[in-house]
């Protein structure tokens, strides 16, 4: 109990010193944590975005529920009026791709793909599993920033979206390095994601006309446009079944 009081006092100190800052990292007894505060909106953004306090409370509730279900999410270790504290879960994947030797990319991406398949096997979905919303540390994957605005759709629809967003993000940050991405997606399929991958392929069947529209932009388009072509390309050339 005394140690818990000491931790909460340390959190209160960090909160006072960094009041108003959206996200602040700090250390306590050799462990790293993140203090996340209510987002303070100004001007028109107060009308365009949902209530910040309600959004933070919803995030706390979602993380606690997912953690109780055994989902790979950061643990909420403290929360209060206008803030929450989560354990550090390592570097985000997009950051790792920037600072890690390319020879290490494959095992990291394979770990992420398997974790996404396992999340889906639990009948859960992330909503936006872009590489900036996934962390990795010593082989352990955690999903952060779950999107709650997709929860009115069926779980299968959300999982299909997960797969498409994930593949789009792979091409966004890696580019058309097809072998690395193909191996990662093969790991997702073999780890239990095959049915959702097949449904994603079926979903995109009526959108394949975009393949020809996006083709001229596959190398020269913007960061979000170029991957559209490569996502469509992936589902056109990937083997229909895996051994």
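Numbering (the numbering used here), first residue to last: 51 to 293. Every residue gets a Cβ at the ideal spot worked out from N, C-alpha and C, and that includes glycine.
Item: Within 8 Å, strictly: CB atoms of residue 212 and residue 147; Value: no
Item: Beta-bridge partners of residue 185, as assigned by DSSP; Value: 142 and 192
Item: CB of residue 63 within 8 Å of CB of residue 133, strictly; Value: no
Item: Any non-hydrogen atom of the ligand MG closer than 7 Å to residue 137 Cβ; Value: No copy of the ligand MG appears in this structure; indeed no ligand is present at all.
Item: DSSP state of residue 277 mapped onto helix, strand, coil; Value: helix
Item: Local Cβ density within 10 Å of residue 252, reported as buried at 16 or more and exposed below that; Value: exposed
Item: Candidates 276, 226 and 197: closest to residue 174 by CA position; Value: 197
Item: Endpoints, alpha helix (DSSP H) assigned at residue 251; Value: 244-254
Item: 8 Å Cβ shell around residue 129 - same chain, five flanking residues per side excluded; Value: 110 and 135
Item: Validate contact between the stretch 174-191 and the stretch 203-219 using beta carbons, cut 8 Å, 3 pairs; Value: yes
Item: Option in 118, 70, 283 and 121 with minimal Cα separation from residue 225; Value: 283
Item: CB of residue 241 within 8 Å of CB of residue 168, strictly; Value: yes
Item: C-beta atoms of residue 122 and residue 192 nearer than 8 Å; Value: yes
Item: Exposed unless 16 or more other CB atoms sit within 10 angstroms - verdict on residue 185; Value: buried
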